[in-house]
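Colleague: First the structure, then my questions, so here it is.
Protein chains in written order, with the working numbering: chain L, 1 to 448; chain G, 449 to 953.
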């Protein structure tokens, strides 16, 4: 290889070696033991570099192997398909944002720092909580971090979780908290599908570190006894953690109004593509409380002034991070999802106070419409609580059959839950006619 | 200098005056509104949301101005040591079309194209690192470390060794290593470096015991030095059946020259955003991989892609898998970007990365060696992808510190090196040029440092007063961090002005 567009110095090797005063590049590796040096060619299926055009052809070939669906899938389970405005895509592709690193040098990184500060501030208003970090990986890991925060604060090891929380988040929490020996205890649901609070008082004891509430829960159902749960928790000095779908907050009370200690969620709904599950955007917010803030994982951007008194932005409270405190750090996270946070900031700025309300209402109406139409087919939701965006249906017949018949029509139905049950997600990206077509297709399966 | 960054005095998005505007509107299904009522009870209803009300153009102008006050690799050299800020080839953006609208819970039959990419990436990254298999579950490097630490924990537990509670970490290690180990309740034991900047084998020998669970190491280390005794290190670690963990943050300096698997490492994490050129987006998203060899494969996080009868599926769960690190499958949208990067180089190109990045570093050293005020530990040793200079002498003689050099570099249109890391070097300046900076840029970077040091000796105040060409001047860290003035959100600013909150206690 004598030239490559990404390797500018190939023709300068001799000249550069002369400056170093060595004869060959191999001399720069004399400290590598001969017996471990790679002696064969790597087996990467591609020996020579592909040209840009060949890469495009390869990508097109791969893309053609993904099945082209007729409409966005009716799939949720943690992230749902939403429309991503062009403005959001346009801004996050600005290469000054896109190709930058963590803003360790604030004076030259004011733009990205301000954008992240605005992300924190917009989420703070949406959640009505005072402190927000500049992002974590996703909801599952944000919840794991919140639980580990609670454990650091009160050293206790039992965490109460709703049985109807997102099971994927639960898997992540189980993985992360394994070493700390944290135990999750499930709170069963009532017939509405919300936490059965009649059992709560009998479960609570002095070993409980935190209690987690998901709003709405995995079945899309609104928890409606949050005040009561927070009240009991406060009496026992148990930390309250609430997971929220940010768009639902256009309609329902935010965690701050309940005086929740730590709130988490996923910002995917706020202007991010599905990305086959990543990158997503882990949100974590706390009340204005030093103990919580000092135990917060991840980066935080704050306001300050420059030497001439002009407003500026910089990373703050970094002594909590692993640069300074190493094994005593609040978390190991360094690379976060900063660009996704900027996308969410742009999205929330576009929607504004009017748009977010309208959007949440639209999602509510469309998902309820879909449920209503499904019920006309003689099927029902598993629980009868009010819901947002997602709802679980029991078809009383093998869901696999329905699912595969839908797929034959290039429609991707809901997420299979039990043998006969599925969770459907309907958002603003599903038009009335798409919903109607889904229902008609299911009707056809039913009528054989 | 002619370089100057944009200065916009841009208000916060909340400070825009516009009201009654909207920047993005969705289609309303009017018909459905008549059919469906919103019946959320009053006690659950939201009252108001304090968000801005702006038009699309206002939002665009605001964020474009902010972008102009930011600095990435596309603007100029970012020589941040251990961060590997190489050029991100633009073709990578085409790969996004593969994942953009795919839901992670879609049927395998509908996502064969993307699963094929993941399958090959699992395989290629294993080949590149000399391991047996890689899981792409981890969304970033630190998540990879967490996975690795858990794998080591579970490995010992399956053997009934509940007392393996010590994790060894080199004193030059990235801060994430000890943080990851202690997150999973390991006791962190630091292994000191010797005067050559390498792991002190004698100390290691003394410390390794039946309580050692593993050793977290990066090679080349954070000083850019290759741990030439790596085979001995592996031998001592393996002698008590502890596991050797490779922190892949520094892989770029040896990529294609020597593989962690061949050096005796049992687990490797990769930072795809570093070594495989995924744009870093101001601190993320990144992407990672966690790779394992031999019996450690059984502990990898799930799920992995497997191929049966030509069909790919996300069904492989290793026997003793530690579980899931991320909610779905990691940052797949970035894994595909790394995939195109590998395609664009092929085996031939990949095998040149370590060589060309090492060449660039040593060339830069040749330009900066023997400058008054700058010291270099073990100057006779070749560096790999990065080099750490100490500005201790300069600071002593002129009062100009590593931080001041960093600020003066910003004024000259360069991003600064990593400073004050690793912690065992005083006034550290950790420089990583990468293989993508043309020789002429390396020359001008070296000249900028030489000039800064000359000025430091003649007129230190001029350097202490930098930066002047950036959007703002030096920022006050005391105001930023003091409990009475710390302001992490606009909400806090507002509530403080209204007298509703006090000092952060």
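Beta carbons: idealized from backbone N, C-alpha and C, even for Gly. Here the structure is a predicted model, which means the values were calculated and not measured.
What did DSSP end up calling residue 367 of chain L once you bin it into helix, strand or coil?
Modeller: DSSP places residue 367 of chain L in helix when its eight states are reduced to three.
Colleague: Counting only Cβ-Cβ distances shorter than 7 Å, please list the residues of the segment 631-664 of chain G near chain L, keeping chain order.
Modeller: Correct list: 631, 632, 633, 636.
Colleague: Check the C-beta distance from residue 107 of chain L over to residue 788 of chain G and give it rounded, since I have them as a contact under 8 Å.
Modeller: Residue 107 of chain L to residue 788 of chain G, Cβ: 34 Å. No contact.
Colleague: Residue 809 of chain G to residue 816 of chain G, Cα distance in whole Å?
Modeller: Cα-Cα distance, rounded: 11 Å.
Colleague: Beta-carbon within less than 7 Å of residue 118 of chain L's beta-carbon, same chain only, minus the 5 sequence neighbours each way: which residues are those?
Modeller: So the qualifying residues of the chain are 345.
Colleague: Going by other Cβ atoms of all chains shown within 10 Å of its Cβ, with 16 needed for buried, is residue 551 of chain G buried or exposed?
Modeller: It counts as buried.
Colleague: Does residue 222 of chain L come out as helix, strand or coil in the three-state DSSP assignment?
Modeller: Of the three classes helix, strand and coil, the one that applies to residue 222 of chain L here is coil, per DSSP.
Colleague: How far does the beta strand (DSSP E) with residue 284 of chain L in it extend, from its first residue to its last?
Modeller: Taken as a continuous stretch (DSSP letters only), the beta strand (DSSP E) holding residue 284 of chain L covers 282-286.
Colleague: Note the first and the last residue of the continuous beta strand (DSSP E) segment covering residue 121 of chain L.
Modeller: Looking at the DSSP string, residue 121 of chain L is not in any beta strand (DSSP E); the run it does join, the alpha helix (DSSP H), is 110-127.
Colleague: Is DSSP giving residue 728 of chain G helix, strand or coil here?
Modeller: Coil at residue 728 of chain G, not helix or strand.
Colleague: Taking a contact to mean a Cβ-Cβ separation below 8 Å, would you say residue 623 of chain G touches residue 329 of chain L in this structure?
Modeller: Yes, Cβ-Cβ distance for residue 623 of chain G and residue 329 of chain L is below 8 Å.
Colleague: Which bits of chain L does residue 734 of chain G rub up against, with CB to CB less than 8 Å?
Modeller: Within 8 Å Cβ-Cβ: 335.
Colleague: Residues of the segment 825-850 of chain G in Cβ contact with chain L at a cutoff of 7 Å, in chain order, please.
Modeller: Answer in chain order: 829, 830.
Colleague: Under 7 Å: does the beta carbon of residue 47 of chain L sit that close to some heavy atom of the ligand PLP?
Modeller: Questions concerning the ligand PLP fall outside what the structure shown contains, since it holds no ligand whatsoever.
Colleague: Taking residue 80 of chain L as the reference, give the member of L/227, L/234, L/277, L/112 with the closest Cα.
Modeller: Closest by alpha carbon: L/277.
Colleague: For the candidate residues L/272, L/146, L/268, whose alpha-carbon lies nearest to that of residue 90 of chain L?
Modeller: Residue 90 of chain L has its Cα closest to that of L/272, out of L/272, L/146, L/268.
Colleague: Please list, in chain order, the residues of the segment 522-553 of chain G that have any C-beta partner in chain L closer than 7 Å.
Modeller: Per Cβ criterion, the list reads 522, 523, 526, 528, 531, 533, 535, 536, 537, 539, 542, 543, 545, 546, 547, 548, 549, 550, 551, 552, 553.
Colleague: What residues in the segment 38-59 of chain L bring their beta carbon closer than 9 Å to a beta carbon of chain G?
Modeller: If the cut-off is 9 Å between Cβ atoms, the segment 38-59 of chain L has 38, 41, 42, 43, 44, 45, 46, 47, 48, 49, 50, 51, 52, 54, 55, 56, 58, 59 near chain G.
Colleague: Could you tell me the boundaries of the beta strand (DSSP E) in which residue 760 of chain G lies?
Modeller: Looking at the DSSP string, the run of the beta strand (DSSP E) that includes residue 760 of chain G is 759-764.
Colleague: Taking 8 Å as the limit between beta carbons, can you name the residues of its chain near residue 680 of chain G, skipping five residues before and five after?
Modeller: Here the set comprises 649.
Colleague: Between the alpha carbons of residue 366 of chain L and residue 432 of chain L, how many angstroms are there, rounded?
Modeller: Rounded to whole angstroms, residue 366 of chain L to residue 432 of chain L spans 7 Å at the Cα level.
Colleague: Beta-carbon separation of residue 209 of chain L and residue 232 of chain L under 8 Å?
Modeller: Not closer than 8 Å, so no.
Colleague: Could you pull the start and end residues of the alpha helix (DSSP H) that residue 794 of chain G belongs to?
Modeller: Where residue 794 of chain G is concerned, the enclosing alpha helix (DSSP H) stretches over 780-816.
Colleague: Any C-beta of chain G within less than 8 Å: which residues of the segment 423-437 of chain L qualify?
Modeller: Against chain G - using a Cβ distance shorter than 8 Å - the residues of the segment 423-437 of chain L are 428, 431, 432.
Colleague: From the DSSP output, in three-state form, read off residue 1 of chain L for me.
Modeller: Reduced to three states, the DSSP call for residue 1 of chain L is coil.
Colleague: For residue 608 of chain G and chain L, any beta-carbon pair shorter than 8 Å?
Modeller: Chain L contact via Cβ: absent.
Colleague: Can you confirm whether residue 385 of chain L, when its beta carbon is compared against all beta carbons of chain G, has any partner nearer than 8 Å?
Modeller: Taking Cβ atoms only, chain G never reaches closer than 8 Å to residue 385 of chain L, which makes this a no.
Colleague: In terms of residues, what are the limits of the alpha helix (DSSP H) holding residue 169 of chain L?
Modeller: Element bounds for residue 169 of chain L: 167-176.
Colleague: For residue 194 of chain L, does the count of other Cβ atoms within 10 angstroms reach 16, so buried, or fall short, so exposed?
Modeller: Flag for residue 194 of chain L reads buried.
Colleague: Is the shortest distance between the beta-carbon of residue 685 of chain G and the beta-carbons of chain L less than 8 Å?
Modeller: Residue 685 of chain G does not count as touching chain L.
Colleague: Are the Cβ atoms of residue 588 of chain G and residue 397 of chain L separated by less than 8 Å?
Modeller: Contact flag unset, no.
Colleague: Would you mind giving the Cβ-Cβ distance between residue 355 of chain L and residue 472 of chain G, rounded to the nearest angstrom? I have them listed as a contact below 8 Å.
Modeller: That pair is a contact at about 6 Å.
Colleague: DSSP state of residue 874 of chain G, grouped into three classes?
Modeller: DSSP places residue 874 of chain G in coil when its eight states are reduced to three.
Colleague: Mind checking the segment 580-612 of chain G against chain L and listing, in chain order, the residues whose C-beta falls within less than 7 Å of any C-beta there?
Modeller: Answer in chain order: 587, 588, 589, 590, 591, 593, 594, 598, 601.
Colleague: I'd like to know whether the C-beta of residue 863 of chain G is nearer than 8 Å to at least one C-beta of chain L.
Modeller: Yes, its Cβ sits closer than 8 Å to a Cβ of chain L.
Colleague: Can you tell me whether residue 245 of chain L is buried or exposed? The criterion is at least 16 other CB atoms within 10 Å of its CB, across all chains shown.
Modeller: Buried: at least 16 other Cβ atoms inside 10 Å.
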